[in-house]
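A.B. asks: 339 is the number that our numbering gives the last residue of the sequence shown; the numbers go up by one with no jumps.
Take this structure first; my questions come after.
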Amino acid sequence: MDESLLKLAKASSSEKKHQLADHVTGLLAARPHAADSDQAALLNSMLEGVYDSLSLNARESMSQALADVPALSAKLAASMAKDDLPVAKSILERSKSLTDADLADIAQNMDQGHLLALARREHISNNISKILVKRGNKEVRHTVAANLGADISEDDFEMLVKEMPKQLGERIRHLRKSNEELIEDLFKDDGEIPAGSELQRRPARISAKAWLQGIRMKKTTLNKAVYQMAVEHNLLDAVALLSFFSGLDMKYVHNLMVRYDSTGIATVCRATGIGAKEYQAICKERCKHLKFPESTGSKWLTNYHMLDETDARRLLALMKVKLRVGNQEQAA
């Protein structure tokens with residue numbers, strides 16, 4: 008396969024290059040892992056070699072296909088991110104292949120459309136946020152302020168809120184404050200947070216491992232698995248699956264599940280695509296475990312309906328970044 012692709016890569020005609028790009032993009036998009044393998048490096052190299060010869064439509068299709076692909080190389084991601092906005096938009100908003108240096112370069116030098124796409128990323132570092140606030144127009148600045156995954160200094164945030172309609176600014180301030188408190192709680196010792204007893208493993212008709220395999224094979228869904236686990240009074244297995252699909256360490260998901268409030272576990276559930284019916288089953292079982300009245304679960308469910316999925320994903324991304332940085336600082 009490699010020999011035939013290399014031969015096609017050397018072809019001079021535009022048609023052949025577009026044919027190659029379409030085929031190799033599909034191969035790269037099917038790769039689940041990062042771009043450090045020999046095959047991924049070869050595929051990226053081929054696309055890098057023909058990229059400048061492709062039409063705008065072809066480059067846009069490539070960008071949309073590869074924006075969420077871990078195997079995309081930093082070099083190719085940067086080329087697409089600095090391209091015309093129809094090409095750059097998907098990569099700027101979603102690709103994790105862009106380096107911090109590339110993000111800073113784009114924030115410093117590209118136009119407002121590119122800056123707006125950057126402002127919509129799941130996580131924006133404090134350094135990039137500062138550049139966007141400084142260079143961005145009103146739409147860019149307000150998008151940064153409303154992005155719960157953006158790390159913004161208190162002074163910059165307050166300045167941005169003053170530019171907004173009062174009701175919107177107060178809502179964003181409240182959400183950001185609640186989220187900051189939640190992230191701070193993740194670093195506290197277990198005894199410092201109001202919470203119930205540890206979850207215990209209970210007999211299950213289907214193990215968490217078997218559910219995971221079924222989900223991977225597309226024979227079932229995370230929603231079905233979590234609902235069944237809640238019905239079987241087995242929240243610990245639900246924690247294991249939510250941990251896997253959220254990318255958040257199991258001990259943190261466990262702590263969020265047994266807390267007396269619902270903000271944290273609601274965020275994890277919404278970010279992983281858990282539906283209202285399934286979340287209601289979790290709430291019901293949490294109330295039993297925490298010895299709360301069922302009416303508390305109904306309040307949690309009402310709040311869940313109001314939780315935006317995009318906000319939840321951004322907060323989850325910010326949680327993981329903060330935890331990674333915090334753990335690195337503790338290890339240093």
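All C-beta atoms, glycine included, are put in the ideal place defined by N, C-alpha and C.
1. Give a yes or no on whether the C-beta atoms belonging to leucine 308 and glutamine 287 are separated by under 7 Å.
2. Report the rounded CA-to-CA distance for leucine 229 versus asparagine 134, giving the unit in angstroms.
3. Alanine 41 by DSSP, collapsed to three states: which one?
4. Excluding the five sequence neighbours on either side, which residues of its own chain have a C-beta within less than 8 Å of the C-beta of leucine 182, listed in chain order?
5. Quick test of the definition: if touching needs 3 or more C-beta pairs under 8 Å, does the region 37-46 touch the region 57-72?
6. Using DSSP with H/G/I as helix, E/B as strand and the rest coil, what is isoleucine 159?
7. Rounded to the nearest angstrom, what separates alanine 28 and asparagine 64 at their Cα positions?
8. DSSP puts arginine 266 in a beta bridge; with which residues?
9. Nearest to leucine 105 by CA position, among Asp91, Ser86, Lys329, is which residue?
10. Have a look at the DSSP bridge pairing and note the partners of histidine 131.
11. Classify leucine 175 as buried or exposed, calling it buried when 16 or more other Cβ atoms lie within 10 Å of its own Cβ.
12. So, with DSSP's three-state summary, where would you put serine 52?
13. Check whether the Cβ atoms of alanine 126 and leucine 110 sit closer than 7 Å, and answer yes or no.
14. Report the rounded CA-to-CA distance for threonine 279 versus glutamine 115, giving the unit in angstroms.
15. Run through DSSP, which three-state label would threonine 32 get?
16. Starting from the C-beta of threonine 303, find all residues in its chain whose C-beta is less than 6 Å away, skip the five residues before and the five after it, and write them out in chain order.
17. Whose C-alpha, out of Ala74, Ala78, Leu79, Lys103, is nearest the C-alpha of glutamine 97?
18. In whole angstroms, what separates the C-alpha of alanine 81 from that of lysine 216?
19. Quick one: grab the DSSP three-state call for glycine 280.
20. Please confirm if the region 259-275 is in contact with the region 190-207, defined as three or more CB-CB distances below 8 Å between the two stretches.
21. Rounding to the nearest angstrom, what Cα-Cα distance links alanine 237 and leucine 54 in this structure?
22. Please identify the residue among Asp59, Val332, Lys173, Ala157 whose C-alpha is closest to the C-alpha of serine 21.
23. Rank Leu189, Cys276, Arg208 by C-alpha distance to the C-alpha of glutamate 199 and give the top, closest one.
24. By how many angstroms is the C-alpha of serine 62 removed from the C-alpha of leucine 50?
25. What are the boundary residues of the alpha helix (DSSP H) that includes histidine 312?
26. Alpha carbon to alpha carbon, what distance is there between serine 185 and leucine 322?
27. Should glutamine 207 go down as buried or exposed, given a rule of 16 or more other Cβ atoms within 10 Å for buried?
28. Note down the Cα distance separating histidine 312 from glutamate 292, rounded to an integer number of angstroms.
29. Just curious, the alpha helix (DSSP H) that arginine 180 is in, first and last residue?
30. In chain order, what residues of the same chain have a beta carbon less than 7 Å from the beta carbon of asparagine 144, not counting five sequence neighbours either side?
31. If I follow the unbroken alpha helix (DSSP H) through lysine 231, where does it start and stop?
32. Considering only the alpha carbon of each residue, which of Pro300, Ala324, Lys231, Gln235 lies closest to valine 275?
33. What's the call for arginine 192, buried or exposed, on a 16-neighbour Cβ count within 10 Å?
34. Measure the C-alpha to C-alpha separation of lysine 173 and threonine 150 and round it to an integer number of angstroms.
35. Can you tell me whether asparagine 310 is buried or exposed, with buried defined as 16 or more other CB within 10 angstroms of its CB?
C.D. replies: Once the coordinates are examined:
1. yes
2. 36 Å
3. coil
4. Leu155, Asp318
5. no
6. coil
7. 12 Å
8. Ala202
9. Ser86
10. Strictly speaking, residue 131 in this sequence is isoleucine, with histidine absent from that position. Answer is Ala157.
11. exposed
12. helix
13. no
14. 33 Å
15. helix
16. Cys294
17. In the sequence as displayed, the identity of residue 97 is serine instead of glutamine. The shortest Cα separation from serine 97 among Ala74, Ala78, Leu79, Lys103 belongs to Ala74.
18. 34 Å
19. coil
20. yes
21. 46 Å
22. Asp59
23. Leu189
24. 19 Å
25. 301-313
26. 11 Å
27. exposed
28. 18 Å
29. 173-193
30. Gln119
31. 229-238
32. Ala324
33. Looking at the sequence itself, residue 192 is aspartate, so the reference to arginine does not match. Looking at its Cβ environment, which holds 16 or more other Cβ atoms inside 10 Å, aspartate 192 is buried.
34. 16 Å
35. exposed
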